[in-house]
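**Student:**
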Ligand SMILES: Cc1cc2nc3c(=O)[nH]c(=O)nc-3n(C[C@H](O)[C@H](O)[C@H](O)COP(=O)(O)O)c2cc1C
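Residue numbers (the working numbering): 379 to 863.
(1) Compute the minimum distance between the beta carbon of residue 558 and the heavy atoms of ligand 1, and state whether it is under 7 Å.
(2) From which residue to which residue does the alpha helix (DSSP H) around residue 703 run?
(3) So, at 6 Å on beta carbons, what are the nonlocal neighbours of residue 590 in its own chain, with the 5 sequence-adjacent residues on each side left out?
(4) Check residue 866 in the structure and name its three-state DSSP category.
(5) Please determine whether the Cβ atom of residue 591 lies at a distance below 7 Å from any heavy atom of ligand 1.
(6) Is residue 538 near ligand 1 - that is, is its Cβ less than 7 Å away from at least one heavy atom of it?
(7) Is it the case that the region 801 to 810 contacts the region 653 to 661, given that we only count it when at least three CB pairs across the two stretches are under 8 Å?
(8) Verify the contact flag: residue 683, CB atom, against every heavy atom of ligand 1, threshold strictly below 7 Å.
(9) Our contact map puts residue 710 next to residue 738 with C-beta atoms below 8 Å; I'd like the distance itself, whole angstroms only.
(10) Can you find a heavy atom of ligand 1 that lies under 7 Å from the Cβ of residue 535?
(11) Considering only DSSP beta bridges, list what residue 621 is partnered with.
(12) May I ask you to report which of helix, strand or coil DSSP gives residue 666?
(13) Run through DSSP, which three-state label would residue 433 get?
(14) What do you reckon, is the C-beta of residue 553 under 7 Å from a heavy atom of ligand 1?
(15) Using a Cβ-Cβ cut-off of 6 Å (strictly less than) and excluding sequence neighbours within five positions of residue 637, which residues of its own chain qualify?
(16) Can you look up residue 495 in the DSSP assignment and give me helix, strand or coil?
(17) Output the boundary residues of the beta strand (DSSP E) element that contains residue 631.
(18) Residue 549 and residue 541: beta carbons closer than 8 Å?
(19) Under 8 Å, do residue 586 and residue 519 count as touching if we go by C-beta distance?
(20) Quick one: measure Cβ to Cβ for residue 501 and residue 547, integer angstroms, because I've assumed they're closer than 8 Å.
(21) For a cutoff of 8 Å on Cβ pairs, would you count residue 402 as touching chain B?
(22) Should the region 767 to 783 be called in touch with the region 810 to 821, which here means at least 3 C-beta pairs below 8 Å?
(23) When you compare only the Cα positions, how much space is there between residue 447 and residue 829?
(24) Does ligand 1 have even one heavy atom less than 7 Å from the beta-carbon of residue 521?
(25) Go ahead and label residue 697 buried or exposed: buried means 16 or more other beta carbons lie within 10 angstroms of its beta carbon, across all protein chains shown.
(26) Contact check, residue 529 vs residue 565 under 8 Å by CB: the rounded distance?
(27) For residue 400, count neighbouring Cβ atoms within 10 angstroms of its own Cβ and tell me buried if that reaches 16, exposed if not.
(28) So the alpha helix (DSSP H) residue 600 belongs to, where does it begin and stop?
(29) Below 8 Å on the Cβ atoms is my guess for residue 656 versus residue 512; work out the distance and round it to an integer in Å.
(30) Could you tell me the alpha carbon to alpha carbon distance between residue 532 and residue 583, rounded to whole angstroms?
(31) Suppose the cutoff is 7 Å on Cβ atoms and the five residues either side in sequence are ignored; what does the same chain contact list for residue 633 look like?
(32) Would you call the region 472 to 479 and the region 636 to 655 touching, i.e. three or more CB-CB distances under 8 Å?
(33) Classify residue 831: buried if its beta carbon has 16 or more other beta carbons within 10 angstroms, exposed otherwise.
(34) Check whether the region 410 to 420 touches the region 606 to 618, counting contact only when three or more Cβ pairs, one atom from each stretch, lie closer than 8 Å.
(35) Please check the pair residue 394 and residue 403, which I expect to be a contact at CB under 8 Å, by giving their CB distance rounded to whole angstroms.
(36) Since residue 550 sits in a beta bridge, which residues does DSSP pair it with?
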């Protein structure tokens, strides 16, 4: 469903009873704490903070935009009732048939209702919460979308990168190593230039989804977002950088990430990460804001990372669907389904030849459009990759650790994984760690012998039904219950 802006989305969410308003909260403790605690319940509301202490009434922060089944449905438009693997399949099919929808440029828009340039720039005007108790400081940007442009190719890139408030015109901007944003920034630095950027702080949630989606380097997040909402975005151009941003953005910061020769690095973070630890703070190039554009009574979209964050019954389907879609692009035959069980990313395959499982695994380790899974598990196609019981059974019964576990070293992984990231590695942004492939498929070479040697010890269906019929009066449902999946 296409929403003109964040306000239209909130209105719709309100109509379906999905918004809780909180008046009078402070940025030091209340907003962060309320955001964290409300995220624990499965279908929690979007929380809209207004009358924030120390800020004008109507200058709001909205959190949990996408974290319920119904709100995810507003953004993705999936049919009612679709869940789990079926929902993943539905979205994968959409991605397989994606038609990019480009943006439309306009001359003026609500984002230009208020303009501050140069010395007028004052980031302290906007509410910036301390989201987690021991964050290094308030973060103004948590659910933002930053636009950068490759200086070599002109290709646009949008990413969601957090922004720590340093002072009235400077932010820390965390472009993690390996993300396209970091590559583009460092291309400017290699040319001896600052990196131009515009950062939107509040927008229709489809734009947040687009910014955080793992589209390929040569794809365009504006076009992906347009496809997601089914309509082109309207964009304005930043007068200083020429970079595009949504004409209905609530707040837009236009500026540049400063070349280390022009401005000393500044420590960004600690910041509470989704893994449940604080990321390390270390020196990074700051972002200087040269102009601010904002709407009357702006709403900032907050999306701090949290250890416990329920996403409602829609769950994590977009990531799985993207991974599956990317696997399909490999053109490799035999990929049947993908799923997640605890820390394991699971692919079920139909084996046709020796070496096929590892061929698919090798592709998956670099081709999912994101960091490689830390634990990749391959299972045969009789195993449901989203079913913990079945996946664990495959690992315990079909996998010999001595010959079916492959440890890979020095892989690009997340800066949020504490394991293995020594202080020395963190400070040079070396986020490489080991990854594991667990081949829990029946070994192809002797699969036929396997089936002959190891026949199933489970009661067969015919005997189960006869037994259930014969003893149902004595044991009731304990004997008529179908076998666990
Ligand atoms: C709420 C949220 C916060 C995020 N924070 C950061 C961040 O601070 N730095 C970062 O590099 N990626 C962050 N990400 C992940 C990136 O936005 C995401 O991987 C995106 O696809 C990266 O885009 P890029 O490869 O085009 O740079 C965040 C994602 C979300 C959803």
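Heads up, the beta-carbon is just placed ideally off N, CA and C, and yes, glycines get one too.
It should be emphasised that the depicted structure is a prediction, and the values quoted were computed from it without experimental measurement.
**Tutor:** According to the data block:
(1) For the purposes of this step, residue 558 is identified with residue 180 of the chain shown, where counting begins at 1. It does: the Cβ of residue 558 is within 7 Å (strictly closer) of some heavy atom of ligand 1.
(2) If you number the chain shown from 1, residue 703 lands on position 325. In this chain, the alpha helix (DSSP H) harbouring residue 703 covers 695 to 707.
(3) Position 212 of the chain shown, counting from 1, holds the residue named residue 590. Excluding residues within five positions, the ones whose Cβ falls inside 6 Å are 538.
(4) As displayed, the chain neither begins before 379 nor continues past 863, which places residue 866 out of reach and without an answer.
(5) As a working mapping, residue 591 is identified with position 213 in the chain shown. Within the cutoff, so yes.
(6) As a position in the chain shown, residue 538 is number 160, starting the count at 1. Yes, the beta carbon of residue 538 sits closer than 7 Å to at least one heavy atom of ligand 1.
(7) Yes, the region 653 to 661 is in contact with the region 801 to 810.
(8) Taking the first residue of the chain shown as position 1, residue 683 is located at position 305. At least one heavy atom of ligand 1 is nearer than 7 Å to the Cβ of residue 683, so yes.
(9) One-based indexing of the chain shown puts residue 710 at position 332. One-based indexing of the chain shown puts residue 738 at position 360. Indeed, because the Cβ distance is near 6 Å, the residues count as touching under 8 Å.
(10) Residue mapping note: residue 535 aligns to position 157 of the chain shown, counting from 1. At least one heavy atom of ligand 1 is nearer than 7 Å to the Cβ of residue 535, so yes.
(11) Reading the chain shown from its first residue, position 243 is the one you call residue 621. For residue 621, which the question treats as bridged, DSSP gives no partner whatsoever.
(12) Indexing the chain shown from 1 puts residue 666 at position 288. The DSSP-derived three-state label of residue 666 is strand.
(13) Translated into the one-based positions of the chain shown, residue 433 becomes position 55. The answer is coil: DSSP assigns residue 433 none of H, G, I, E or B.
(14) To locate residue 553, count along the chain shown from 1; it is residue 175. Taking the Cβ of residue 553 as the reference point, at least one heavy atom of ligand 1 falls within a distance shorter than 7 Å.
(15) Within the chain shown, numbered from 1, the residue matching residue 637 stands at position 259. Here the set comprises 567, 572.
(16) Numbered from its first residue, the chain shown carries residue 495 at position 117. In the three-state reduction of the DSSP assignment, residue 495 falls in the strand class.
(17) Here residue 631 refers to the residue found at position 253 of the chain shown. Per DSSP, residue 631 is one residue of the beta strand (DSSP E) stretching across 629 to 635.
(18) Translated into the one-based positions of the chain shown, residue 549 becomes position 171. Translated into the one-based positions of the chain shown, residue 541 becomes position 163. In contact: residue 549 and residue 541 (Cβ atoms closer than 8 Å).
(19) Along the chain shown, one-based indexing puts residue 586 at 208. Along the chain shown, one-based indexing puts residue 519 at 141. It is not a contact, given that the beta carbons lie outside the stated cut-off.
(20) Residue 501 sits at position 123 when you count from the first residue of the chain shown. Residue 547 sits at position 169 when you count from the first residue of the chain shown. That pair is a contact at about 6 Å.
(21) The structure shown contains no chain B; it is built from a single protein chain.
(22) Taking a cut-off of 8 Å on C-beta distances, the region 767 to 783 touches the region 810 to 821, as three or more cross pairs fall below it.
(23) Taking the first residue of the chain shown as 1, we reach residue 447 at position 69. Taking the first residue of the chain shown as 1, we reach residue 829 at position 451. One C-alpha to the other measures close to 42 Å.
(24) For the purposes of this step, residue 521 is taken as residue 143 along the chain shown, with counting starting at 1. Residue 521 has its Cβ nearer than 7 Å to a heavy atom of ligand 1.
(25) Taking the chain shown and counting its residues from 1, one reaches residue 697 at position 319. So residue 697 ends up on the buried side.
(26) Indexing the chain shown from 1 puts residue 529 at position 151. Indexing the chain shown from 1 puts residue 565 at position 187. The C-beta distance from residue 529 to residue 565 rounds to 5 Å, short enough to fall under 8 Å.
(27) Within the chain shown, the letter at position 22 stands for residue 400. Its Cβ being crowded by 16 or more others within 10 Å, residue 400 is buried.
(28) Reading the chain shown from its first residue, position 222 is the one you call residue 600. Unbroken alpha helix (DSSP H) run through residue 600: 599 to 607.
(29) Counting from one through the chain shown, the residue named residue 656 turns up at place 278. Counting from one through the chain shown, the residue named residue 512 turns up at place 134. Indeed, because the Cβ distance is near 6 Å, the residues count as touching under 8 Å.
(30) The residue labelled residue 532 in the question sits at position 154 within the chain shown. The residue labelled residue 583 in the question sits at position 205 within the chain shown. CA-to-CA, the gap between residue 532 and residue 583 works out to about 26 Å.
(31) Taking the chain shown and counting its residues from 1, the one referred to as residue 633 is at position 255. Closer than 7 Å at Cβ, skipping near neighbours: 575, 665, 666, 667, 668.
(32) In this structure the region 472 to 479 does not touch the region 636 to 655; the number of beta carbon pairs closer than 8 Å is below three.
(33) Position 453 of the chain shown, counted from the first residue, corresponds to residue 831. Flag for residue 831 reads exposed.
(34) Segments in contact, no.
(35) On the chain shown, position 16 is the one that residue 394 refers to. On the chain shown, position 25 is the one that residue 403 refers to. Contact flag wrong, Cβ pair sits at about 24 Å.
(36) Your numbering for residue 550 matches position 172 in the chain shown. The secondary-structure analysis by DSSP pairs residue 550 across a beta bridge with 542, 664.
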